[in-house]
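Report on the following structure.
Number of protein chains: 2
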Amino acid sequence: MQPNWLAQRSYLTPNRIGLSYYQEKWTFKELYEEAVRIAEKLAAFHLHKGDRIALLAPSRPELILMIYGCMERGIEIVLLNGRLSPYELQYQIQDAEVKAVLVHEEEKQKLPEDVEYILFTEVFHAEGVEIEAVEEWDDEATISIMYTSGTTGFPKGVRQTVRNHSSSAISSALNLGLKEDDVWLCTVPIFHISGFSILMRSLLYGMQVRLYEKFDVTLCAAEIAQGLVTRMSAVAVMLERVLSYMEEHGLKAHPNFSSILAGGGPVPVDYLKRAERLQLQVVQTYGMTETSSQTATLSSEDAMQKAGSAGKPLFFNQIRIEGSKKPTDEGEICIRGPHVTPGYIGRFATRPALDAGWLKTGDIGYLDEEGYLYVIDRRADLIISGGENIYPAEIENVLLAHPAVKEAGVCGMDDSVWGQVPVAFVVLKKEAAAEELLSFCKMRLASYKLPKNIIFIDELPRNGSNKLVRRKLKELLQ
Amino acid sequence: MQPNWLAQRSYLTPNRIGLSYYQEKWTFKELYEEAVRIAEKLAAFHLHKGDRIALLAPSRPELILMIYGCMERGIEIVLLNGRLSPYELQYQIQDAEVKAVLVHEEEKQKLPEDVEYILFTEVFHAEGVEIEAVEEWDDEATISIMYTSGTTGFPKGVRQTVRNHSSSAISSALNLGLKEDDVWLCTVPIFHISGFSILMRSLLYGMQVRLYEKFDVTLCAAEIAQGLVTRMSAVAVMLERVLSYMEEHGLKAHPNFSSILAGGGPVPVDYLKRAERLQLQVVQTYGMTETSSQTATLSSEDAMQKAGSAGKPLFFNQIRIEGSKKPTDEGEICIRGPHVTPGYIGRFATRPALDAGWLKTGDIGYLDEEGYLYVIDRRADLIISGGENIYPAEIENVLLAHPAVKEAGVCGMDDSVWGQVPVAFVVLKKEAAAEELLSFCKMRLASYKLPKNIIFIDELPRNGSNKLVRRKLKELLQ
Numbered sequence: 014m015q016p017n018w019l020a021q022r023s024y025l026t027p028n029r030i031g032l033s034y035y036q037e038k039w040t041f042k043e044l045y046e047e048a049v050r051i052a053e054k055l056a057a058f059h060l061h062k063g064d065r066i067a068l069l070a071p072s073r074p075e076l077i078l079m080i081y082g083c084m085e086r087g088i089e090i091v092l093l094n095g096r097l098s099p100y101e102l103q104y105q106i107q108d109a110e111v112k113a114v115l116v117h118e119e120e121k122q123k124l125p126e127d128v129e130y131i132l133f134t135e136v137f138h139a140e141g142v143e144i145e146a147v148e149e150w151d152d153e154a155t156i157s158i159m160y161t162s163g164t165t166g167f168p169k170g171v172r173q174t175v176r177n178h179s180s181s182a183i184s185s186a187l188n189l190g191l192k193e194d195d196v197w198l199c200t201v202p203i204f205h206i207s208g209f210s211i212l213m214r215s216l217l218y219g220m221q222v223r224l225y226e227k228f229d230v231t232l233c234a235a236e237i238a239q240g241l242v243t244r245m246s247a248v249a250v251m252l253e254r255v256l257s258y259m260e261e262h263g264l265k266a267h268p269n270f271s272s273i274l275a276g277g278g279p280v281p282v283d284y285l286k287r288a289e290r291l292q293l294q295v296v297q298t299y300g301m302t303e304t305s306s307q308t309a310t311l312s313s314e315d316a317m318q319k320a321g322s323a324g325k326p327l328f329f330n331q332i333r334i335e336g337s338k339k340p341t342d343e344g345e346i347c348i349r350g351p352h353v354t355p356g357y358i359g360r361f362a363t364r365p366a367l368d369a370g371w372l373k374t375g376d377i378g379y380l381d382e383e384g385y386l387y388v389i390d391r392r393a394d395l396i397i398s399g400g401e402n403i404y405p406a407e408i409e410n411v412l413l414a415h416p417a418v419k420e421a422g423v424c425g426m427d428d429s430v431w432g433q434v435p436v437a438f439v440v441l442k443k444e445a446a447a448e449e450l451l452s453f454c455k456m457r458l459a460s461y462k463l464p465k466n467i468i469f470i471d472e473l474p475r476n477g478s479n480k481l482v483r484r485k486l487k488e489l490l491q
Numbered sequence: 014m015q016p017n018w019l020a021q022r023s024y025l026t027p028n029r030i031g032l033s034y035y036q037e038k039w040t041f042k043e044l045y046e047e048a049v050r051i052a053e054k055l056a057a058f059h060l061h062k063g064d065r066i067a068l069l070a071p072s073r074p075e076l077i078l079m080i081y082g083c084m085e086r087g088i089e090i091v092l093l094n095g096r097l098s099p100y101e102l103q104y105q106i107q108d109a110e111v112k113a114v115l116v117h118e119e120e121k122q123k124l125p126e127d128v129e130y131i132l133f134t135e136v137f138h139a140e141g142v143e144i145e146a147v148e149e150w151d152d153e154a155t156i157s158i159m160y161t162s163g164t165t166g167f168p169k170g171v172r173q174t175v176r177n178h179s180s181s182a183i184s185s186a187l188n189l190g191l192k193e194d195d196v197w198l199c200t201v202p203i204f205h206i207s208g209f210s211i212l213m214r215s216l217l218y219g220m221q222v223r224l225y226e227k228f229d230v231t232l233c234a235a236e237i238a239q240g241l242v243t244r245m246s247a248v249a250v251m252l253e254r255v256l257s258y259m260e261e262h263g264l265k266a267h268p269n270f271s272s273i274l275a276g277g278g279p280v281p282v283d284y285l286k287r288a289e290r291l292q293l294q295v296v297q298t299y300g301m302t303e304t305s306s307q308t309a310t311l312s313s314e315d316a317m318q319k320a321g322s323a324g325k326p327l328f329f330n331q332i333r334i335e336g337s338k339k340p341t342d343e344g345e346i347c348i349r350g351p352h353v354t355p356g357y358i359g360r361f362a363t364r365p366a367l368d369a370g371w372l373k374t375g376d377i378g379y380l381d382e383e384g385y386l387y388v389i390d391r392r393a394d395l396i397i398s399g400g401e402n403i404y405p406a407e408i409e410n411v412l413l414a415h416p417a418v419k420e421a422g423v424c425g426m427d428d429s430v431w432g433q434v435p436v437a438f439v440v441l442k443k444e445a446a447a448e449e450l451l452s453f454c455k456m457r458l459a460s461y462k463l464p465k466n467i468i469f470i471d472e473l474p475r476n477g478s479n480k481l482v483r484r485k486l487k488e489l490l491q
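Put into C-alpha cells, the structure is as follows:
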C-alpha cells in the first residue's frame with residue numbers, strides 16, 4: 014500500500030507550485046482540492062473506484078486536473094491519442110470497455126460518431142456528490158492504460174500501475190538527481206508515457222510541471238536560457254529545433270538547467286556536439302509504454318564515447334540479452350523490474366506480458382563490454398517518427414482491406430526532420446491509383462502513420478516460409 | 014526482488030568513489046570486488062546465504078568491507094554496539110543465535126570470555142572458496158539486526174530488511190534531494206541505524222561515504238567549510254561542538270554543503286539560530302531502529318516557526334495518533350510504511366511488531382493543525398543521551414539484581430552537554446553505598462548507561478495499581 018499521492022503531497026508541501034501554464038499556477042494544495050472536487054463530480058456520473066474511463070483532450074490544465082480527479086477517485090484512465098483516426102479510437106474505446114469517454118469540447122469531433130461521451134464542461138459544471146476519501150493506494154492498482162501496437166497490428170492496452178509509476182519516478186531520481194526547485198517542462202503528449210510520467214514525478218517529488226499545450230520553440234528556449242525550467246523531455250526533432258533557435262539567438266542553457274531527457278531513439282552525434290556548445294546536457298533514454306517510461310539512460314558525459322548507445326539500466330531495473338551466446342552478441346532485449354507492466358487489458362488481457370518476470374521487448378540489441386546497451390533493431394520493425402511509434406503491420410492491415418490490394422509491406426525511410434517516415438510497397442490485384450489508396454488510409458489512420466510514398470511492385474520480398482521480410486523492403490528503397 | 018545492490022552499483026557507476034577514510038578511497042567497483050572476495054572468504058568459514066553473524070568492530074573501512082561482504086553473500090548481520098558491557102553483548106549474541114561472531118582484533122577484549130569468535134584478520138587472510146553470485150535480493154530478506162530495549166528492559170533484535178532500507182533511502186532522497194556529487198559524512202556509529210543507513214544510501218544513490226572512526230570536530234568543521242562533504246548525520250551534542258568550532262574559527266558552511274541531519278530529539282532553538290548565522294542548514298528528524306532511520310523530518314525553513322517539532326512524515330510514510338479523540342490531542346504515535354520493520358528475532362520473534370500494519374511506537378505526541386508532529390514523551394520513559402537510547406528498565410533490572418536493593422527507579426535528568434543523563438532512585442533492603450551499586454552496574458552496563466547519581470529514598474512513587482510512575486521521579490529531582 015502507498016499513501017494517496019495527491020493527499021500526501023498536499024499534506025507535505027501544500028504551498029509548493031505543482032503545475033504552471035503560461036501565467037497560471039496551482040499549488041499542490043490547490044491541485045489536491047481540485048482533484049477532490051472533480052472526484053465528487055465524477056461520482057455524480059456514477060464513476061467510482063475501479064471503474065475505467067477514457068480521456069481525450071488537449072494538453073491543458075483541464076486535462077491534468079481531470080487526470081488527478083480520476084486518480085483521487087481510483088478510476089483507471091485510458092489515455093487516447095488525439096492524433097489517431099476515429100477508426101483507431103473506436104478500436105481502443107471498444108477494446109477497453111470503458112464506462113465513459115470524457116472528452117474536451119474541442120476534441121469531440123475526433124471521436125467516432127456513435128460513441129457516447131461526457132464533455133469536460135459537463136463534468137466541471139456538475140453538482141458533486143460527497144464521497145469517502147481513498148486514503149491508500151494498492152501497489153497493483155492500475156492508474157493509466159496506453160495502447161501500443163506490435164507484430165499483429167492490433168493495439169494492446171498496457172496497464173501502468175501505482176508500483177510501475179512510483180518505481181519509475183524513483184529510479185529516475187536516483188539516476189538524474191533531484192533538487193527542491195526542479196521544474197519539468199512538459200511539451201510532449203500527456204497521452205504518451207513520456208508526458209504522463211512527468212505528472213507522476215511531479216506528485217512524488219513535489220516538483221512543478223511546466224505545461225505547454227504545444228511545443229513552442231521560442232518559449233522553450235527562453236525558459237531554458239533563463240533557468241525557469243530545469244528539466245525537459247524531448248524527442249530528437251524537438252531537440253534539434255531548440256538547438257537551432259538557441260544558436261540563432263545566441264542563447265545558452267542557464268546553469269540551473271539540469272538536462273534534456275531525449276527519447277525515441279538515439280540522438281544524432283551532431284546534435285550532441287551542438288548541445289555541448291550551448292552548455293545543454295542531453296540524457297538519452299530507452300523506454301516504452303510497457304516500462305512506464307525510462308528503463309535505460311545514457312548520461313551526458315558518456316554521450317560522445319558511447320554514441321548510439323542507450324546507456325545503462327536504472328538502479329532497480331535489469332536488462333539482459335536473450336537468444337545469444339553472450340550478452341555482447343546481438344539478441345532480444347529483455348527487461349525486468351518494478352517498472353514493468355503486469356499486463357494488458359481487453360483482447361490481450363489473457364496474454365502474459367512477462368516470461369518468468371522478464372518483458373521480452375522484441376527489440377534487438379547487445380551490451381558492450383562495460384554493459385552499455387545498444388538497440389540495433391526495433392521490435393516488429395517499429396518505425397519511430399517524431400517520437401510517435403508506428404507499427405508497419407497496422408498500416409499493412411489497412412492497405413490489405415482495400416479491394417484492389419493483394420499484398421502490402423511497410424517499412425521506415427530515413428528522414429532528416431522526423432527521424433523516420435513510413436513507406437508502403439503494394440502488389441495490386443486490380444488497378445488503383447496511389448492517391449486512392451492514400452485517401453483510403455486517411456480515413457483509418459492517424460496522419461503521422463500515412464505512408465509518405467506508395468510504391469507499386471510485382472512481388473514482396475519473402476523468406477522460405479513465405480513471411481514478409483521488411484528488412485529487404487529497406488534495401489529496395491536504396 | 015531487487016538487483017544485488019553492490020553488483021548493480023558497481024555496474025552502473027564503477028568509477029565513482031563509494032567510500033573514503035582520511036586519504037584512502039574506494040570506488041564502487043573496488044568495494045564490490047572486495048565484497049565478493051570477503052564473501053568467498055566467509056564461505057571458507059561455512060558462512061552462507063541466510064546465516065546470521067554478529068559484528069563488533071570500530072568504524073573503519075574494514076567494518077564497511079565486512080558488512081558489504083556479508084550483504085553480498087546474503088548473510089544477516091547483527092550489529093553489536095562496542096560501548097556495551099560484556100554482559101549486555103552476551104545477551105544479544107545468545108538471543109540472536111548467531112552462527113559466528115566476527116570481531117576486530119582491537120575489540121575482542123570487549124567480548125564476554127566464553128564467546129567463540131573469528132577475528133577480522135582471520136577472515137581477511139583466509140583462502141576464499143569459489144561461490145555462486147547472488148544476483149537478486151528478496152525484498153523481505155533481512156540485511157541487518159539491531160537491538161533496542163523497551164518497557165521490559167530486555168533488548169529486542171529488530172530486523173531491517175532489503176525493503177526497509179531501500180524505502181528509507183528513497184524516501185530520504187525524495188525529501189532532501191540528491192546531487193551526483195553528494196558526500197555523506199559518517200561519524201555516527203555504524204552499529205546504530207543513523208550510521209548504517211548512510212551506507213545503504215551510498216549504495217542506492219551512488220554516493221560517497223566519508224567515514225570517520227571517531228567524531229573529530231576540527232576535521233568535520235573544515236570539511237563542511239570547504240564543501241568536501243555535502244551531508245552529515247549528527248546528534249545535538251555533536252552539532253553544538255561543530256557550531257562552537259566554526260564560530261571560534263570564523264568558518265562558514267560551504268555553499269555545496271546541503272544540510273546536517275540531526276536526530277535523537279529536538280535541537281535547541283539556540284543551536285538553530287547559531288547554525289543559521291553559519292549558513293548551516295539543519296534538518297531535524299524523528300526515527301528509530303524499527304523504522305530503519307528517519308520517519309519524519311523538519312526542514313530547515315520550518316525549524317524556527319515549528320521549534321520543537323519533528324516535522325512531517327517522509328513521502329511513503331504515514332503517521333497517526335492513536336488513543337486521542339483527534340490527532341491534535343496527545344496520543345500514541347503510530348507509524349506505517351515500507352520502512353517499518355516486519356518484526357523481531359530471538360525471544361521476541363513471536364511478538365508481532367505491527368498492529369494491522371501500524372507500528373505502535375509507545376512515544377506520545379500530537380500533530381498540529383498543519384500536520385507537523387510533536388513528540389512530547391518518549392516510549393517507556395526512554396532517555397536519549399548523546400544520541401544513545403537508554404531504557405530505564407534496563408538499569409533498574411541491573412540494580413534490582415543487587416542483593417541490597419529492594420526497589421529501583423530510573424529517569425532522565427537534563428544535561429547541557431548530553432541532552433539527558435540517567436539518574437537512579439533506590440530503596441534499600443540492607444545497607445549499601447552508592448559506589449558499591451555503581452561498580453555493580455559497571456560490570457553489567459555500557460558506561461553511557463551508568464546512573465550519574467544514585468539517590469536513596471524511602472519509597473518510590475507508584476500509582477493505584479502499584480506501578481512505578483517515572484514521571485514523578487523527575488519531579489523529585491527538582
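Keeping their order, the protein sequence lines are chains A and B.
Take the first sequence: its letters are residues 14 to 491, numbered as in my numbering.
Take the second sequence: its letters are residues 14 to 491, numbered as in my numbering.
We treat Cβ as the ideally placed atom computed from N, Cα and C, and that holds for glycine.
For clarity, every value in this text was computed on a predicted model and none was experimentally measured.
*Cβ-Cβ separation, B:Leu92 to B:Ile203 (assumed contact under 8 angstroms), whole Å*: As a first step, residue 203 of chain B must be located in the second sequence, where it is residue number 190. As a first step, residue 92 of chain B must be located in the second sequence, where it is residue number 79. Contact flag correct, Cβ pair sits at about 7 angstroms.
*Relative to the C-alpha of B:Arg176, which residue among B:Thr354, B:Ala406 and B:Gly432 is closest?*
Looking up residue 176 of chain B in the second sequence gives position 163. The residue with the shortest Cα to Cα distance from B:Arg176 is B:Thr354.
*asked:* Taking the straight line between their C-alpha atoms, what separation do you get for B:Lys442 and B:Pro416?
replied: Translated into the one-based positions of the second sequence, residue 442 of chain B becomes position 429. Translated into the one-based positions of the second sequence, residue 416 of chain B becomes position 403. Rounded to whole angstroms, B:Lys442 to B:Pro416 spans 8 angstroms at the Cα level.
_Inter-residue spacing [alpha-carbon to alpha-carbon] between B:Asp471 and B:Arg254_ = Your numbering for residue 471 of chain B matches position 458 in the second sequence. Your numbering for residue 254 of chain B matches position 241 in the second sequence. Those two C-alpha atoms are separated by around 40 angstroms.
*Report yes if the C-beta distance between B:Ile206 and B:Ser305 is below 8 angstroms; otherwise report no.*
To locate residue 206 of chain B, count along the second sequence from 1; it is residue 193. To locate residue 305 of chain B, count along the second sequence from 1; it is residue 292. Yes, they are a contact pair.
*B:His178, buried or exposed, once every other Cβ within 10 Å from all chains shown has been counted against 16*: Sequence index remark: in the second sequence, residue 178 of chain B carries index 165 (1-based). Classification of B:His178: buried, given that the 10 Å Cβ count is 16 or more.
*State buried or exposed for B:Thr363, treating a residue as buried only when at least 16 other CB atoms are found within 10 Å of its CB.*
Taking the second sequence and counting its residues from 1, one reaches residue 363 of chain B at position 350. It is exposed - the Cβ of B:Thr363 has fewer than 16 other Cβ atoms within 10 Å.
*Taking only beta-carbon positions, decide if B:Leu19 is within less than 8 angstroms of chain A.*
Counting from 1 along the second sequence, the entry for residue 19 of chain B is found at position 6. With 8 angstroms as the cut-off, B:Leu19 does not count as an interface residue toward chain A.
*asked:* Given this structure, state the Cα-to-Cα distance separating A:Ser215 from B:Ser185, to the nearest angstrom.
replied: Sequence index remark: in the first sequence, residue 215 of chain A carries index 202 (1-based). Sequence index remark: in the second sequence, residue 185 of chain B carries index 172 (1-based). The straight-line gap from Cα to Cα measures roughly 16 angstroms.
_Rounded separation between A:Met84 and A:Ile51 - CA only_ = On the first sequence, residue 84 of chain A is found 71 positions in, with the first residue counted as 1. On the first sequence, residue 51 of chain A is found 38 positions in, with the first residue counted as 1. Looking at the two C-alpha atoms, the distance is approximately 10 angstroms.
*Report yes or no: do three or more beta-carbon pairs, one from the region 43-61 of chain A and one from the region 335-348 of chain B, lie closer than 8 angstroms?*
no
*Counting pairs of beta carbons, one from the region 449-457 of chain A and one from the region 397-414 of chain A, are three or more of them closer than 8 angstroms?*
yes
*Flag A:Thr379 as yes if its beta-carbon sits less than 8 angstroms from any beta-carbon of chain B, otherwise no.*
Taking the first sequence and counting its residues from 1, the one referred to as residue 379 of chain A is at position 366. At residue 379 of chain A the sequence reads Tyr, which differs from the Thr that was named. It does not: the Cβ of A:Tyr379 has no partner Cβ on chain B nearer than 8 angstroms.
*Is the distance from the Cβ of A:Tyr81 to the Cβ of A:Leu25 below 8 angstroms?*
Numbered from 1 along the first sequence, position 68 holds the residue referred to as residue 81 of chain A. Numbered from 1 along the first sequence, position 12 holds the residue referred to as residue 25 of chain A. Contact flag unset, no.
*Short Cβ contact (8 angstroms threshold) for A:His267 with A:Gly240*: Locating residue 267 of chain A in the first sequence gives position 254, where the first residue counts as 1. Locating residue 240 of chain A in the first sequence gives position 227, where the first residue counts as 1. Against a cut-off of 8 angstroms, the Cβ pair of A:Gly240 and A:His267 comes out as a contact.
*Mind reading off the beta-carbon distance from A:Leu473 to A:Glu420? Whole number of angstroms is fine, and I expect it under 8 angstroms.*
In the first sequence, residue 473 of chain A corresponds to position 460, counting from 1. In the first sequence, residue 420 of chain A corresponds to position 407, counting from 1. Between A:Glu420 and A:Leu473 the Cβ distance is about 5 angstroms, and since that is below 8 angstroms, they are a contact.
_Where A:Met159 sits in the DSSP three-state scheme_ = Here residue 159 of chain A corresponds to residue number 146 of the first sequence, with the count starting at 1. Here A:Met159 sits in strand by DSSP.
_Please report the distance separating the alpha-carbon of B:Ser33 from that of B:Pro27._
Translated into the one-based positions of the second sequence, residue 33 of chain B becomes position 20. Translated into the one-based positions of the second sequence, residue 27 of chain B becomes position 14. If I take the Cα positions, the gap works out to 15 angstroms.
_Out of B:Tyr387, B:Lys286 and B:Val280, which one is the CA nearest neighbour of B:Pro326?_
For this step, residue 326 of chain B is matched to residue 313 along the second sequence. Out of B:Tyr387, B:Lys286 and B:Val280, B:Tyr387 has the C-alpha closest to the C-alpha of B:Pro326.
_In this structure, how does DSSP classify A:Ile206 when only helix, strand and coil are distinguished?_
Here residue 206 of chain A corresponds to residue number 193 of the first sequence, with the count starting at 1. Note: A:Ile206 maps to helix in three-state DSSP.
_If you reduce the DSSP assignment to three classes, tell me which class B:Glu401 lands in._
Taking the first residue of the second sequence as 1, we reach residue 401 of chain B at position 388. Reduced to three states, the DSSP call for B:Glu401 is strand.
*Quick one: using the 10 Å Cβ neighbour count with 16 as the cut-off for buried, is B:Arg86 buried or exposed?*
Taking the second sequence and counting its residues from 1, the one referred to as residue 86 of chain B is at position 73. When all chains shown are included, B:Arg86 counts as buried.
*asked:* Nearest by alpha-carbon distance to B:Cys233: which of B:Glu488, B:Lys373, B:Lys265 and B:Phe209 is it?
replied: Here residue 233 of chain B refers to the residue found at position 220 of the second sequence. Checking every option, the nearest Cα to that of B:Cys233 belongs to B:Lys265.
_Same chain, Cβ closer than 8 angstroms to B:Thr374, neighbours up to 5 away in sequence not counted_ = Within the second sequence, numbered from 1, the residue matching residue 374 of chain B stands at position 361. Around B:Thr374: Met301, Glu303, Glu345, Ile346, Cys347, Ile348 and Arg392.
*Do you know how far the Cα of A:Val171 is from the Cα of A:Leu115?*
Taking the first sequence and counting its residues from 1, the one referred to as residue 115 of chain A is at position 102. Taking the first sequence and counting its residues from 1, the one referred to as residue 171 of chain A is at position 158. For A:Leu115 and A:Val171, the distance between alpha carbons rounds to 19 angstroms.
_For a test of the three-state rule: what should DSSP assign to B:Leu60, helix, strand or coil?_
Residue mapping note: residue 60 of chain B aligns to position 47 of the second sequence, counting from 1. If DSSP states are grouped into helix, strand and coil, B:Leu60 belongs with coil.
*Inspect the beta-carbon positions of B:Ile403 and B:Pro435 and report whether they are closer than 8 angstroms.*
Position 390 of the second sequence, counted from the start, is the residue given in the question as residue 403 of chain B. Position 422 of the second sequence, counted from the start, is the residue given in the question as residue 435 of chain B. Closer than 8 angstroms, so yes.
*Go through its chain and collect everything with a Cβ distance to B:Gly208's Cβ below 6 angstroms, but skip five positions before and after it.*
Here residue 208 of chain B corresponds to residue number 195 of the second sequence, with the count starting at 1. Closer than 6 angstroms at the Cβ level, and outside the excluded window around B:Gly208, lie Cys199, Val201 and Pro202.
*For the region 307-335 of chain A, enumerate the residues whose C-beta is nearer than 7 angstroms to any C-beta of chain B, in chain order.*
Lys325, Phe328, Phe329 and Gln331
*Within the 8 angstroms Cβ cut-off, does B:Phe372 reach chain A?*
To locate residue 372 of chain B, count along the second sequence from 1; it is residue 359. First, the residue type needs correcting, since residue 372 of chain B is Leu and not Phe in the sequence shown. Chain A contact via Cβ: absent.
*Please report how far the alpha carbon of A:Leu132 lies from the alpha carbon of A:Gln297, in whole angstroms.*
Here the question's residue 132 of chain A lines up with position 119 in the first sequence. Here the question's residue 297 of chain A lines up with position 284 in the first sequence. Rounded to the nearest angstrom, the two C-alpha atoms are 38 angstroms apart.
*Starting from the C-beta of A:Lys62, find all residues in its chain whose C-beta is less than 8 angstroms away, skip the five residues before and the five after it, and write them out in chain order.*
Against the first sequence, residue 62 of chain A aligns to sequence position 49. Closer than 8 angstroms at Cβ, skipping near neighbours: Arg86, Gly87, Ile88 and Val147.
_Beta-carbon spacing of A:Ala406, A:Thr164 below 8 angstroms_ = The residue given as residue 406 of chain A occupies position 393 in the first sequence. The residue given as residue 164 of chain A occupies position 151 in the first sequence. Against a cut-off of 8 angstroms, the Cβ pair of A:Thr164 and A:Ala406 comes out as a contact.
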